[in-house]
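If you're matching them up, the sequences are chains A and B in order. The opening residue of the first sequence carries number 1 in my numbering; numbering runs sequentially from there. The opening residue of the second sequence carries number 1001 in my numbering; numbering runs sequentially from there. Beta carbons: idealized from backbone N, C-alpha and C, even for Gly. Model, not experiment: these values are computed from the prediction.
Protein chains: 2
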Amino acid sequence: MVVYNVPFTTYAQTVRYRTTGAWRAARHGAVASLVRSVGPRGARTPHTGAVNYTETDSRIPAAAITVEDAELLQRMQDRGTPGWVHLEMNARLLPDAESANVVGEILGWERPEEVVVVGGHIDSWDVGTGSTDDGGGCIVTWEALRIINQLGLRPRRTLRVVLWTNEENGLRGATAYRDRYDKQLADHIMMLESDSGVSRPRGFLFTGNPRGRETVGAIASLLRGIDAHRIGPNGGGADIGPSVRAANIPSMSLDVDSSNYFTIHHTPADTMDKIDPTEVAQNVAAIAVMAYVVADLPDRLGR
Amino acid sequence: MVVYNVPFTTYAQTVRYRTTGAWRAARHGAVASLVRSVGPRGARTPHTGAVNYTETDSRIPAAAITVEDAELLQRMQDRGTPGWVHLEMNARLLPDAESANVVGEILGWERPEEVVVVGGHIDSWDVGTGSTDDGGGCIVTWEALRIINQLGLRPRRTLRVVLWTNEENGLRGATAYRDRYDKQLADHIMMLESDSGVSRPRGFLFTGNPRGRETVGAIASLLRGIDAHRIGPNGGGADIGPSVRAANIPSMSLDVDSSNYFTIHHTPADTMDKIDPTEVAQNVAAIAVMAYVVADLPDRLGR
């Protein structure tokens, strides 16, 4: 049995021990693979998350253990104490079932074929209720459209909210979106995904050309009053990724204080009490302002 | 079934819902009592801890639930959703078994009958390993004596380390100590307990008269080099309490940064990884200096 005891640095760096650890261990003859929960800390809280297998290697059992238990096994190994782990799992891979993206729109009055997309993903890991990953992201993006609608505002271009399905284990909602809207992607002006929690916003992360960055910077200055006006690099999200890459669409995410995000996400602690209504309202305001103005610009956002 | 959903403020304020909630609920006809875990937060981590019953009221089942679950039940009640809780418990109260305080001494060369006591408690809640509550306190106090001994130092008075038993559910070690040393308590110069975690020390908490406070303040100034020289009010500890009260003994505890203490204590997360060796060493140094100098003073510490 292989145990990966890798301290959390960034999610991108650490998650690969969970996603690829099983087949790598299998390749060396392991009968099972355990990974230290991918998060900065916990209170004996195990994390779940996707595991990938290659076509050719054996599919061996793989599970996450708590940070505390990984450290215990490490200490035992360091001092040469033999350890036995009795592994009982009842996880099963069920056959695929149909699920769907949820889509809503405010049609643009002038150029309805041009689209600004905002959204989050509607699936979550079942150990918690998925409040942070990504119930909050769903709420703040649909609320942005609801508020624009309630205010009787209608921008030049179409505003679309998409709640993607199957982000967590396959991105099939994301690829289905890309394929279904294949011909419309050239008219996707901007895509924004909220999937880093809905804590206090500081501004936006943006990927696009310098002229586009200048424009969204000017729009973000409208949010100086709630201190959410900074534009940082590397906007995006897993679900908008396939579409963004297919058509080089400017992409964006809210830059929030996500220091607690990876403590909560994919754990039984991803529950409603982690959501702060005031912070949610700030997220909604920031997304509503950004999405509306981008959709209502006289000229398209630069690509 | 009564659910106490009381947000954590201080331990003293919040713990009484756990210790007295069951009989108070029983008095109103409740069949069981649930209490929100007594701690500032958690990651779906239930806390355990003592529950008291009166002689006359019914002993109804009592359990702690996680902060998250308490908040869920609160939200359900606030919106009028009926809730059913299915309670299964296998906790049992076993017959008393013999246990013992663990005592070690460095005999004073001049006045061996006068004693300075340091210590922690050796019992813990079984959900974790009791590393923080109170394994750390045991280690830093016995290490203080071990180091003094290793340095070949022998103070005027006796230094005694006591690892008390049964702090968590009855203080029988504490009362047995008081009763056994009944006649010697008048010659107890000072008692120090470490039971607030062994994180970075800032100084000492002290209960005693102004002259004693002045003396320990002067001793603490020796610890300026590790920034542990401040003297605050309200020194003490559960185990030294009965002896301190019986003979009005000056009492002390290390003042440590205990902001995480109540997140960890009495939970499955009270494990070795929470202990920092450098901070432990600072605790040991501070206790060793304070205990040795108090035991070696030409005059007794003022009472």
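How is the alpha helix (DSSP H) around residue 1148 (chain B) delimited, first residue to last?
Looking up residue 1148 (chain B) in the second sequence gives position 148. Run containing residue 1148 (chain B): 1136-1150, per the alpha helix (DSSP H) assignment.
Residues of the segment 258-282 of chain A in Cβ contact with chain B at a cutoff of 8 angstroms, in chain order, please.
263, 264, 267, 268, 269, 271, 272 and 273
Does the segment 1231-1245 of chain B come close enough to the segment 1177-1187 of chain B to have 3 or more Cβ pairs within less than 8 angstroms?
yes
Around the C-beta of residue 193 (chain A), are 16 or more other C-beta atoms found within 10 angstroms, so that it is buried, or is it exposed?
Numbered from its first residue, the first sequence carries residue 193 (chain A) at position 193. Its Cβ being crowded by 16 or more others within 10 Å, residue 193 (chain A) is buried.
So, helix, strand or coil for residue 164 (chain A), using DSSP?
Looking up residue 164 (chain A) in the first sequence gives position 164. Reduced to three states, the DSSP call for residue 164 (chain A) is strand.
Beta carbons nearer than 8 angstroms to chain B: which residues of the segment 61-82 of chain A have them?
67, 68, 71, 72 and 75
Per-residue burial, residue 209 (chain A) [other beta carbons within 10 Å of its own, 16 or more giving buried]
In the first sequence, counting from the first residue as 1, residue 209 (chain A) sits at position 209. The residue in question, residue 209 (chain A), is exposed, as its Cβ has fewer than 16 Cβ neighbours within 10 Å.
Taking its Cβ as the centre, do 16 or more other Cβ atoms sit within 10 Å of residue 1029 (chain B), making it buried, or is it exposed?
Counted from its first residue, the second sequence places residue 1029 (chain B) at position 29. Per the 10 Å Cβ criterion, exposed.
Could you run through the segment 1037-1052 of chain B and flag, in chain order, every residue whose CB is less than 7 angstroms away from some CB of chain A?
1042, 1043, 1044 and 1045
One or two residues paired with residue 120 (chain A) in a DSSP bridge:
Within the first sequence, the letter at position 120 stands for residue 120 (chain A). According to DSSP, residue 120 (chain A) bridges with A:163.
Opening and closing residue of the alpha helix (DSSP H) in which residue 1055 (chain B) lies
For the purposes of this step, residue 1055 (chain B) is identified with residue 55 of the second sequence, where counting begins at 1. Per DSSP, residue 1055 (chain B) belongs to no alpha helix (DSSP H) and is neither H nor E.
Per DSSP, residue 91 (chain A) is paired with what?
Numbered from its first residue, the first sequence carries residue 91 (chain A) at position 91. Looking at the DSSP assignment, residue 91 (chain A) forms no beta bridge with any residue, so it has no partner.
Just list the residues that DSSP pairs residue 1181 (chain B) with in beta bridges.
Sequence index remark: in the second sequence, residue 1181 (chain B) carries index 181 (1-based). Partner(s): none; residue 1181 (chain B) has no beta bridge.
Boundaries (first-last residue) of the alpha helix (DSSP H) holding residue 272 (chain A)
Within the first sequence, numbered from 1, the residue matching residue 272 (chain A) stands at position 272. Looking at the DSSP string, residue 272 (chain A) is not in any alpha helix (DSSP H), and its letter there is neither H nor E.
Taking 8 angstroms as the threshold, find out whether the segment 156-176 of chain A comes into contact with the segment 85-95 of chain A through three or more Cβ pairs.
no
What did DSSP end up calling residue 98 (chain A) once you bin it into helix, strand or coil?
On the first sequence, residue 98 (chain A) is found 98 positions in, with the first residue counted as 1. Residue 98 (chain A): coil per DSSP, three-state reduction.
The alpha helix (DSSP H) spanning residue 263 (chain A) covers which residue range?
As a working note, residue 263 (chain A) is residue 263 in the first sequence. Taken as a continuous stretch (DSSP letters only), the alpha helix (DSSP H) holding residue 263 (chain A) covers 261-264.
Of the residues B:1079, B:1139 and B:1002, the one placed nearest residue 1196 (chain B), counting alpha carbons only
Position 196 of the second sequence, counting from 1, holds the residue named residue 1196 (chain B). Comparing Cα-Cα distances from residue 1196 (chain B) to each of B:1079, B:1139 and B:1002, the minimum goes to B:1139.
Roughly how many angstroms separate the alpha carbons of residue 108 (chain A) and residue 295 (chain A), rounded to a whole number?
If you number the first sequence from 1, residue 108 (chain A) lands on position 108. If you number the first sequence from 1, residue 295 (chain A) lands on position 295. Each residue's Cα considered, the two are about 8 angstroms apart.
Using a threshold of 8 angstroms, state whether the C-beta atoms of residue 18 (chain A) and residue 35 (chain A) are closer than that.
Sequence index remark: in the first sequence, residue 18 (chain A) carries index 18 (1-based). Sequence index remark: in the first sequence, residue 35 (chain A) carries index 35 (1-based). Yes, they are a contact pair.
Residue 1254 (chain B), buried or exposed, once every other Cβ within 10 Å from all chains shown has been counted against 16:
Translated into positions along the second sequence, residue 1254 (chain B) becomes position 254. By the 10 Å Cβ count, residue 1254 (chain B) comes out buried.
Bridge partners for residue 207 (chain A) per DSSP, in chain order?
Position 207 of the first sequence, counted from the first residue, corresponds to residue 207 (chain A). DSSP output for residue 207 (chain A) lists A:251 as bridge partner(s).
Where does residue 1111 (chain B) fall in DSSP's three states?
For this step, residue 1111 (chain B) is matched to residue 111 along the second sequence. Residue 1111 (chain B): strand per DSSP, three-state reduction.
For residue 1251 (chain B), which residues from the same chain have a beta carbon less than 6 angstroms from its beta carbon, with the 5 sequence-adjacent residues on both sides left out?
As a working mapping, residue 1251 (chain B) is identified with position 251 in the second sequence. If we look at residue 1251 (chain B) and ignore the five residues flanking it on each side, its Cβ neighbours are 1191, 1207, 1235, 1236, 1240 and 1244.
Rounded to a whole number of angstroms, what is the C-alpha to C-alpha distance between residue 1260 (chain B) and residue 1299 (chain B)?
Here residue 1260 (chain B) refers to the residue found at position 260 when the second sequence is read from its first residue. Here residue 1299 (chain B) refers to the residue found at position 299 when the second sequence is read from its first residue. Going by the C-alpha atoms only, they are around 38 angstroms apart.
Whole-Å CB distance - residue 133 (chain A) paired with residue 47 (chain A), under 8 angstroms assumed:
Taking the first residue of the first sequence as 1, we reach residue 133 (chain A) at position 133. Taking the first residue of the first sequence as 1, we reach residue 47 (chain A) at position 47. The pair is not a contact, with the Cβ atoms about 11 angstroms apart (cut-off 8 angstroms).
Can the beta-carbon of residue 282 (chain A) be found closer than 8 angstroms to that of residue 201 (chain A)?
Mapped onto the first sequence, residue 282 (chain A) falls at position 282. Mapped onto the first sequence, residue 201 (chain A) falls at position 201. Result yes, Cβ atoms of residue 282 (chain A) and residue 201 (chain A) sit closer than 8 angstroms.
Which residue's Cα is closest to the Cα of residue 1045 (chain B): A:263, A:288 and A:301?
Here residue 1045 (chain B) refers to the residue found at position 45 when the second sequence is read from its first residue. That would be A:263, whose Cα lies nearest to the Cα of residue 1045 (chain B).
Runs of beta strand (DSSP E) wholly within the segment 1024-1074 of chain B (minimum 3 residues, chain order):
1033-1036 and 1062-1065
Around the Cβ of residue 1165 (chain B), are there at least 16 other Cβ atoms within 10 angstroms (buried) or fewer (exposed)?
Translated into the one-based positions of the second sequence, residue 1165 (chain B) becomes position 165. Buried, since its Cβ has 16 or more Cβ neighbours within 10 Å.
Residue 267 (chain A) versus A:303, A:128 and A:116, residue with shortest Cα-Cα distance:
By one-based count along the first sequence, residue 267 (chain A) stands at place 267. Per the Cα distances, A:128.
Quick one: using the 10 Å Cβ neighbour count with 16 as the cut-off for buried, is residue 80 (chain A) buried or exposed?
Here residue 80 (chain A) refers to the residue found at position 80 when the first sequence is read from its first residue. Exposed, since its Cβ has fewer than 16 Cβ neighbours within 10 Å.
Close beta carbons around residue 2 (chain A), own chain, < 6 angstroms, minus the five adjacent residues each side
Translated into the one-based positions of the first sequence, residue 2 (chain A) becomes position 2. 25, 30 and 33, listed in sequence order.
In this structure, what does DSSP give as the bridge partners for residue 190 (chain A)?
Taking the first residue of the first sequence as position 1, residue 190 (chain A) is located at position 190. The partner list for residue 190 (chain A) (beta bridge, DSSP) reads A:116.
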